[in-house]
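According to our numbering, the sequence shown is numbered sequentially starting from 9. Everything on this sheet refers to the single structure shown next.
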Amino acid sequence: MSENNVFDHLRKTLRTQMNEIADHVSGGGCKTYEEYAKCCGIIEGLAVAEREILDLKTKYEET
């Protein structure tokens with residue numbers, strides 16, 4: 009697997025997880041505030057990881 013495919017695979021995997029959790033939240037799946045807050049934290053963490061991967065891919069492509 010080439011480096012770009014690794015970056016793309018990781019980004020797509022994170023995005024899929026993020027979308028699944030967002031669907032859970034928006035579909036009323038969180039029964040407590042604590043569960044809602046946990047899901048929001050997971051989404052935020054995945055978004056940060058996705059941004060880091062995109063930045064790393066850009067830096068890699070520039071070299």
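Using N, Cα and C, we set each Cβ at its ideal position, and we do this for glycine too.
Where does residue i sit, in a helix, a strand or coil, going by DSSP?
| i | result |
| --- | --- |
| Lys39 | coil |
| Thr71 | coil |
| Ser10 | coil |
Using 10 angstroms around the beta-carbon of residue i, count the other beta-carbons present and answer buried if the total reaches 16, otherwise exposed.
| i | result |
| --- | --- |
| Leu72 | Outside the displayed span of the chain (9 to 71) sits residue 72, for which this structure offers no information. |
| Leu54 | buried |
Tell me, to the nearest whole angstrom, how far the beta carbon of residue i is from that of residue j; I am working on the premise that it is less than 8 Å.
| i | j | result |
| --- | --- | --- |
| Met26 | Ile51 | 6 Å |
| Thr47 | His32 | It should be pointed out that residue 47 corresponds to Cys in this sequence rather than to Thr. That belief holds up - the Cβ atoms of Cys47 and His32 are roughly 7 Å apart, short of 8 Å. |
Is residue i near the ligand NAD - that is, is its Cβ less than 8 Å away from at least one heavy atom of it?
| i | result |
| --- | --- |
| Thr71 | This structure lacks the ligand NAD; in fact it carries no ligand of any kind. |
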